[in-house]
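There are 6 protein chains.
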Amino acid sequence: MSDFPIPEIVAELRQVREQWRVQQGRTDTAQREFPSRDAVTQAIESLKGVLYPLRLGPTELRQSSEDFYIGHTLDTALQTLQDQARIELRYRARQDGDRDSEHSERAHELRAAKAVHEFARELPGLRKLLDVDVLAAFHGDPAAQSVDEVVLSYPGVLALIHHRIAHVLYRLELPLLARMVAELAHGQTGIDIHPGARIGAGCFIDHGTGVVVGETAVIGRNVRIYQAVTLGAKRFPRDAQGHLQKGWPRHPVVQDDVVIYAGATILGRITIGRGAVIGGNVWVTQDVPPQTHVSQTSPVEKVHPLPAAA
Amino acid sequence: MSDFPIPEIVAELRQVREQWRVQQGRTDTAQREFPSRDAVTQAIESLKGVLYPLRLGPTELRQSSEDFYIGHTLDTALQTLQDQARIELRYRARQDGDRDSEHSERAHELRAAKAVHEFARELPGLRKLLDVDVLAAFHGDPAAQSVDEVVLSYPGVLALIHHRIAHVLYRLELPLLARMVAELAHGQTGIDIHPGARIGAGCFIDHGTGVVVGETAVIGRNVRIYQAVTLGAKRFPRDAQGHLQKGWPRHPVVQDDVVIYAGATILGRITIGRGAVIGGNVWVTQDVPPQTHVSQTSPVEKVHPLPAAA
Amino acid sequence: MSDFPIPEIVAELRQVREQWRVQQGRTDTAQREFPSRDAVTQAIESLKGVLYPLRLGPTELRQSSEDFYIGHTLDTALQTLQDQARIELRYRARQDGDRDSEHSERAHELRAAKAVHEFARELPGLRKLLDVDVLAAFHGDPAAQSVDEVVLSYPGVLALIHHRIAHVLYRLELPLLARMVAELAHGQTGIDIHPGARIGAGCFIDHGTGVVVGETAVIGRNVRIYQAVTLGAKRFPRDAQGHLQKGWPRHPVVQDDVVIYAGATILGRITIGRGAVIGGNVWVTQDVPPQTHVSQTSPVEKVHPLPAAA
Amino acid sequence: MSDFPIPEIVAELRQVREQWRVQQGRTDTAQREFPSRDAVTQAIESLKGVLYPLRLGPTELRQSSEDFYIGHTLDTALQTLQDQARIELRYRARQDGDRDSEHSERAHELRAAKAVHEFARELPGLRKLLDVDVLAAFHGDPAAQSVDEVVLSYPGVLALIHHRIAHVLYRLELPLLARMVAELAHGQTGIDIHPGARIGAGCFIDHGTGVVVGETAVIGRNVRIYQAVTLGAKRFPRDAQGHLQKGWPRHPVVQDDVVIYAGATILGRITIGRGAVIGGNVWVTQDVPPQTHVSQTSPVEKVHPLPAAA
Amino acid sequence: MSDFPIPEIVAELRQVREQWRVQQGRTDTAQREFPSRDAVTQAIESLKGVLYPLRLGPTELRQSSEDFYIGHTLDTALQTLQDQARIELRYRARQDGDRDSEHSERAHELRAAKAVHEFARELPGLRKLLDVDVLAAFHGDPAAQSVDEVVLSYPGVLALIHHRIAHVLYRLELPLLARMVAELAHGQTGIDIHPGARIGAGCFIDHGTGVVVGETAVIGRNVRIYQAVTLGAKRFPRDAQGHLQKGWPRHPVVQDDVVIYAGATILGRITIGRGAVIGGNVWVTQDVPPQTHVSQTSPVEKVHPLPAAA
Amino acid sequence: MSDFPIPEIVAELRQVREQWRVQQGRTDTAQREFPSRDAVTQAIESLKGVLYPLRLGPTELRQSSEDFYIGHTLDTALQTLQDQARIELRYRARQDGDRDSEHSERAHELRAAKAVHEFARELPGLRKLLDVDVLAAFHGDPAAQSVDEVVLSYPGVLALIHHRIAHVLYRLELPLLARMVAELAHGQTGIDIHPGARIGAGCFIDHGTGVVVGETAVIGRNVRIYQAVTLGAKRFPRDAQGHLQKGWPRHPVVQDDVVIYAGATILGRITIGRGAVIGGNVWVTQDVPPQTHVSQTSPVEKVHPLPAAA
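Protein chains in written order, with our numbering: chain V, 4 to 313; chain F, 4 to 313; chain H, 4 to 313; chain R, 4 to 313; chain P, 4 to 313; chain E, 4 to 313.
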């Protein structure tokens, strides 16, 4: 079997990478390091076990020794997260033009430690929030047979566990880790919630595939969302240089007790008032008053007989 | 590196769990155990190899020794399934307020064994059904090059293998295992078929992402379904206590030879008559007669020139 | 615990397989072998590291020794790919009725080696293309914070890496491997791009779940596509025997600088002219002139108050 | 490639197994099950971490959360051990001709639980004993640089950890598990200590390869043993039926503070008195008084010049 | 962290390898390939399960489906072995100066297939032989409690399983594979039996560490051997060029029913007559008549009191 | 199943650990960390592949891309080693009473980097030395069929690869890592060479089980050693406080071209002169002149007939 021209291809690939680095202004030769998808995955899997030990932890776990499992697993997961947080902070500092130094390295370490401490302290609160989500799913789906089935197998609950973790990381200014946590859920469930979105307790996302919730969306309490719902932006204004303006509120505000049926598209910084019901496939770009129902006009469809041979 | 306040967080998490248990009326201290996602995954992966040994089994397998592989793999998979079935039955009995006893434990074992025996006996029939599905996909997709490509890489076929297994488990009154099997396919393909749905031979789901098929849906023979199609419920009536009524027929009946194009939404216990064609994105909430074609009215869209600077 | 009737089930399964083989005209007893999903997965994971070593390669990798990693990983991945290519060629030859022989086996080997050599030579070009895609995503998403975040976590970029690899395999007449590569991305991202589709540089697929791009679709440069967009076929004409006609151009041509918003459905061999904007949920089956904006007519929706008890 | 005659070989192997089963009087068709080497290995590895968490536990462990790790790991290890104990008890009962019944199964479970509880309660005492062994090694080897090096890398310490665990299992009448634990150390260190041997605190086995300590050997406190030392039996008397007599005291008693140099062979139920020193390669079959030194007579060896060409 | 001078070290290592290749006359640039330790390990582990399915196979195996497991595992193991055999044959042909060609490659394949077929046919006979070994161990060790304990945990039995497999490979002229199989046992048990040694049924090697049995040794039936026994060569005659003469009979012949106690050294092509007993540590270089006992002369050892301060 | 009294046992284990820490003067609460056996194992396995890429590297490796494999693997292995070196240096500094500080941490890092750089530079020399060892084994063993068999399967070569690596680490003042590397070989081969021993080129250790070579032993060029040979210390003098004196030359010096047969014991700082031959089982405690042969006096053994019934 003849050999591949490895050295030539390696050289060409190097050339392309160098072009990229020059183009991106990365002319230093310093070490570059990125958070690791594997490490983040492992930490999140552990945290799921910490939050729901009997249902999402190891199968051999027993109620009588849950706390040992939780303490050990939590410690390991937090250490991993702290490492990854430090890597993100260093990476972002370099992005902003900082030079590496022992001083800055120490600063990243301290900041990472502080952030992960704060993160850790929020976990009991997260579990409480998630319990409300679980109940919402149980009460909102006629097919649900028990709260445990919901935790074990509902993709919407999985997406919310990831989101609530990701959102804390986002608030703690670790947006890259937050995004990685969110994408792990997106890949598994088809539910794409930006970590920046603020979501109240008792959220139930049913089926979920194709749901998109944007960075600045705000969702109140007890909101129910079906598959393929988009809470998106309407326009992408650019600044004087023609670059997209980042960070301004551009996604909907959904108040408490709203239900949004499958395929509805809600765009822009509009408000869906408390208790409103948005029908399936509806396209909404303006405020909806509280306690109202938005639906398609009586669907005008043609029904005609098929030719015999079809 | 300073340490995390693990003991405090462990204590707070315990408190939240205890609140939940009290709230859910789980005041006993008995051992609680749930079916294991890993075990179910392993059993299903084995069963796929049992059903399609050369295509979905181990790469080194040879036709001449298929049966050895099948026999060994099947035995292992069924044992695993039986264990998980016993766990589900015990779990559900506790849900219903039964107390654990040697007697009930033995009863769960016998019932699990019986169910998995029946399940096993259905496997040859499942393979036969699935072969019809595979042919339907091959004949229904102009891009399909061989029946083997279809088995090896079509997500719709994967979803149906899972569904047909899950549906047998559902009929054998193992709804939690059934749901876990279904969700494994949902996560991988974006196709969400409730295990309760009844689907005839020769079903072809193309692309599939976003398809949702509800618990009481009935699908006839030779039905073709494209991505993002929903066969859903229209209303969620509640009983006197305000709880959702569970279990009544609330999803569509789709008769033989129907084609449903992408994005169509069909809601409620309506009937789509034999040979009907439902167009893309159409919203259907009433019966459709056989041999008819439902399509959007001529789409009224605005086409206007963009300003130069866009 | 009683035993399962394994031998009986094994015998019945064998019978069903034999029916299938007879029905499919597979009466030879020769060894049958299919490309391995695991092997393809491993090769693709390696190639991702080869293309983006610091971001998608192993975490301990350092810039100073990138080339060693790339050379070693590339060699291993190409060997794996060559094995799988040979298996596909042999499989396809048998499909076409060829008998195995030492001569044909040697021919498959040579052809596989040639194809994988050509594939390898295209890798630097692929990286260049993908860099343009990455920049397009960074500039096109207000939420994107860095080009690295885009490579690390955007599903659209993942789908394009897979697609660009799959498309080269498709052009080198390895359609089965190509399809397997594409389905790996489909499973993970919900983005279903047929390997045959031709996609220009600077493509950005945002969110992506539910996107479907057909086999003969052509996409120009700098095209932006949102979730749930379909570039599909309108009709599936059959030949005299009633079989689907395969291979003719049946999907849209999308010219440079087009934007297609979420949920739009574009069907048939039509052309979306340069710079056009297709609005969300729009249904398009006819040519769209350049620099025009297609949107839904002012959405006619009913908004009415809900009864108090809802 | 031609196929192997698998069915024929399988049939012949079955015949041989049946011969064996008939020959061993195993004519029942009941399920037979043996303790699992993998399960025992896993339990022992966990127990090593429980005993020496920072040195033999996971690398990321920190002193501040040791107890969580220990509690969780211990619980898992004890469950595994209890399962294996139950399997041994059932196996042994069948050996003794008992028939399986629900009653006996329950009895095995209770006995296994009781035994593993007692085992667990001895762990703190074991750690104390082993600390004395570690100190003995540190003080007895001029090459030892720290007590931690001793725990991390001395095969004699590894062998003693296994032995002390195995001996407790032996005393709790789980001889098969005990033997498996002992053989795991034998395989890794070349030190073969029968679980029945009684060994006092402060034992140091240096180098260790080839050491053999028999079932009824008794070793006092602060004994030092070098490689290839045998504490064996002298005779193997048989009973009237010509079968070996099992269980009677047939190995040496070694009192406190004895040193036994490399290669010494000590056979039979003799006593090596307190503080005695047994020289290298010496063969001892009679009692040695306390505080004496047994050495070879001045070695009579020929030293002669070699021919030039050697 | 500064980088390592990897390129320089890689270059120097290449230089050393090239020196070696020149020195060994390996100036071709052809592909060189060696049997894989991992592949051989895997095949042997499988074969152990094939020979003793319930005791050395997977823990979940049940008697009722043993044959399926055996057939599947055997087929896989034999394929692996055949691959490795082909690699050895090609390697050895190159050693002998053959050039690679399609013709020779085909010849190696055929020869490998033939050898592994013959190997496979011997497996039932091997199991029969090994059953006699197992009984010998059970009857020969007062500490043995059951035949199953012997199979599960006696290193001597493990070494004989490996040896009997290795010896068949050696006879089938696959000496390199044979040696690798033997070394796997040597590493795990400290028992070093050259694959060429011929060993009769009912062999029992107790404890075993340090046992060495040379290539041309012949051992009869029912022989018992203790730890550290050597059956070695006495002289290593060289040919005219000063190279060691290879292959001639140079190790002992041990007839039926012999017992050799620990540490005995037996050197040269001598015969230990039927039923003889060789005492511990004895050094034997001449024939021993049948039914005799060789022991050390009454051991002349000095026993003297130790000074008080020792 | 009742629960284990985990909390009580955890508390008792903590008490024992605290006793130990007090007893060892470890009253600080600082983080304690030890080199990781897993990390060292991984680094050494990689280095074996770096030294002998085709024979001990991954099976799919090809000569044409060896250098890529070596460069990548080497870089990873050296990083791992440097981490472990830093951990050892910090650990040892604490042992010596140093307090942790940023300053000392930085010093450990620099020293670790320097040591591992020096280590890396010695690798080509090590390979050269080892090639001589390989040839010595090939020429010294009549059963050896090729130099490749020697590298692939001779335990003596494995032990020397480990030793030569360990000795460099020992010289670079990383004794704990050195010891761990040595023990990995000891566990696998039964050959126990202290990393401090100095061993010349062309060393051949045959069979090897039970060989012990002490810390200050010196072995010349072309020395051949058989199984169970000890190069040990004769006395262990203690200082005024009764502690063993560490570090002084106490093991034999073996000059070039010496052969030492199985079981020979050579003790104390004596010299075995160039070309001497030490016979099997001989006990040597005094200098042996060059070119002489030391053997046992004609072995005085009793040979007497056995009684009929034995």
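We put the beta carbon where it would ideally sit given N, CA and C, even for glycine.
In whole angstroms, give me the CA-to-CA distance for residue i and residue j.
{"i": "residue 20 of chain F", "j": "residue 55 of chain V", "result": "9 angstroms"}
{"i": "residue 137 of chain V", "j": "residue 227 of chain V", "result": "12 angstroms"}
{"i": "residue 278 of chain R", "j": "residue 268 of chain R", "result": "18 angstroms"}
{"i": "residue 306 of chain F", "j": "residue 140 of chain H", "result": "27 angstroms"}
{"i": "residue 192 of chain F", "j": "residue 43 of chain H", "result": "18 angstroms"}
{"i": "residue 209 of chain E", "j": "residue 164 of chain R", "result": "31 angstroms"}
{"i": "residue 185 of chain P", "j": "residue 129 of chain P", "result": "16 angstroms"}
{"i": "residue 60 of chain V", "j": "residue 53 of chain V", "result": "7 angstroms"}
{"i": "residue 182 of chain E", "j": "residue 40 of chain V", "result": "35 angstroms"}
Could you name the residues that DSSP lists as bridge partners for residue i?
{"i": "residue 307 of chain H", "result": "V/296"}
{"i": "residue 270 of chain V", "result": "V/235"}
{"i": "residue 195 of chain R", "result": "R/215"}
{"i": "residue 286 of chain P", "result": "P/268"}
{"i": "residue 122 of chain R", "result": "Partner(s): none; residue 122 of chain R has no beta bridge."}
Identify which residue in the options has its Cα closest to the Cα of residue i.
{"i": "residue 67 of chain E", "options": "H/75, H/117 and H/234", "result": "H/75"}
{"i": "residue 317 of chain P", "options": "P/100, P/169, P/14 and P/10", "result": "Residue 317 of chain P is absent from the structure shown; chain P starts at 4 and stops at 313."}
{"i": "residue 7 of chain H", "options": "F/13, F/85, F/185 and F/131", "result": "F/85"}
{"i": "residue 37 of chain R", "options": "P/155, P/247, P/145 and P/83", "result": "P/155"}
{"i": "residue 221 of chain R", "options": "R/212, R/203, R/237 and R/214", "result": "R/203"}
{"i": "residue 135 of chain F", "options": "F/150, F/18, F/184 and F/173", "result": "F/150"}
{"i": "residue 112 of chain H", "options": "H/125, H/92, H/124 and H/121", "result": "H/92"}
{"i": "residue 250 of chain H", "options": "H/225, H/178, H/18 and H/187", "result": "H/178"}
{"i": "residue 286 of chain V", "options": "V/104, V/272 and V/297", "result": "V/297"}
{"i": "residue 261 of chain E", "options": "E/98, E/205 and E/182", "result": "E/205"}
{"i": "residue 114 of chain F", "options": "F/27, F/166, F/172 and F/257", "result": "F/172"}
Excluding the 5 residues preceding and the 5 following residue i in the sequence, name in chain order all residues of the same chain whose CB lies nearer than 6 angstroms to its CB.
{"i": "residue 263 of chain E", "result": "228, 232 and 281"}
{"i": "residue 4 of chain H", "result": "Note that residue 4 of chain H scores 48 on pLDDT, short of 50, meaning its location in the model is unreliable; the coordinates nonetheless yield the value given after this. So no residue of the chain qualifies."}
{"i": "residue 270 of chain H", "result": "235, 237 and 288"}
Residues in the same chain with beta-carbon distance under 7 angstroms from residue i, minus the five sequence neighbours each way, listed in chain order, please.
{"i": "residue 313 of chain E", "result": "For residue 313 of chain E, the predicted model reports a pLDDT of 40, less than 50, meaning its position is unreliable and no value from the coordinates is stated."}
{"i": "residue 219 of chain R", "result": "199, 252, 253 and 254"}
{"i": "residue 153 of chain V", "result": "137, 140, 141, 147 and 160"}
{"i": "residue 107 of chain R", "result": "96 and 101"}
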